[in-house]
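Okay, so the sequence shown: first residue is 150 according to this note's numbering, each after it adds one.
First comes the structure, then the notes that go with it.
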Amino acid sequence: MNKPKIASDWMCGCAGCHMSLLDMDERILQVIELADLRSTPITDLKEPDESGVDVGVLEGGINNSANEEVAHKMRKRAKILVALGDCAVFGGVPAMRNFCGVEAALRQAYMDADSNEPGSQIPNDPELATMTKTRAIHEVVPVDFNVPGCPPDADVIFYVLAELAQGRKPELKDDLLHWH
Ligand code: SF4
150 MNKPKIASDW
160 MCGCAGCHMS
170 LLDMDERILQ
180 VIELADLRST
190 PITDLKEPDE
200 SGVDVGVLEG
210 GINNSANEEV
220 AHKMRKRAKI
230 LVALGDCAVF
240 GGVPAMRNFC
250 GVEAALRQAY
260 MDADSNEPGS
270 QIPNDPELAT
280 MTKTRAIHEV
290 VPVDFNVPGC
300 PPDADVIFYV
310 LAELAQGRKP
320 ELKDDLLHWH
């Protein structure tokens, strides 16, 4: 029997959700027994975006057009889409700049903060926020499961992936959800 395929990708946030996924430690072996891991932080495989998967896991909020493209591509290739981490679920830390506006946030980060060298400029980098607001994934494409947490515990990630890999619907009970 073919194992279900799982792929992940990340957008605007930090590496915390990726690290939490790796914190599953030896339970990663159990997930590997249940599922074929494609293009995840565990395998480091990069597959063509067109390659279909059963479960797609997206981390991070949507801050620029590149993030938006990643979200659309994963939604298209995955039968089930999981938003992993607060940034993906409601915008999280990157969405704090929604309250002051993108220009003010970039000026503060790259020019006005005391830690910047005099004369520093906002870099011309496509990875920077270019949209008026950071958005959660569900604001751009339909999401099947939201897994909050900053980052979600490795226990939760294991539970969700193992349940989905076995064709079951994960139920996130209160005792599985923690905010650090
Ligand atoms: Fe980082 Fe927290 Fe966002 Fe995950 S939810 S990407 S740990 S800031």
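Backbone N, C-alpha and C define an ideal beta-carbon position, used for all residues, glycine too.
Annotation for Val309: the continuous alpha helix (DSSP H) segment containing it runs 303-314. Of the heavy atoms belonging to the ligand SF4, at least one sits nearer than 7 Å to the Cβ of Asp235.
Shortest Cα-Cα distance from Arg187 to any of Gly316, Lys154, Met173, Val251 involves Lys154. Taking a C-beta distance under 8 Å as the contact criterion, Gly162 and Gly250 do not qualify as a contact pair.
The closest heavy atom of the ligand SF4 lies less than 7 Å from the beta carbon of Val242. Distances between the C-beta of Gly162 and the heavy atoms of the ligand SF4 include at least one below 7 Å. Assigned with DSSP and collapsed to three states, Ala254 falls in helix. Under the DSSP definition of a beta bridge, Ser157 partners with Val206. Straight-line measurement puts the Cα of Ile177 at about 30 Å from the Cα of Asn212. In the structure shown, Ala232 falls within a strand segment according to DSSP collapsed to helix, strand and coil. Distance check between Thr281 and each of Leu255, Asn295, Cys299, Asp263 places Leu255 closest, using alpha-carbon atoms only. Relative to the non-hydrogen atoms of the ligand SF4, the Cβ of Gly201 never comes closer than 7 Å to any of them.
Spatial neighbours of Pro291 in its own chain (CB-CB distance under 8 Å, excluding positions within 5 residues in sequence) are listed in chain order as Arg224, Leu230.
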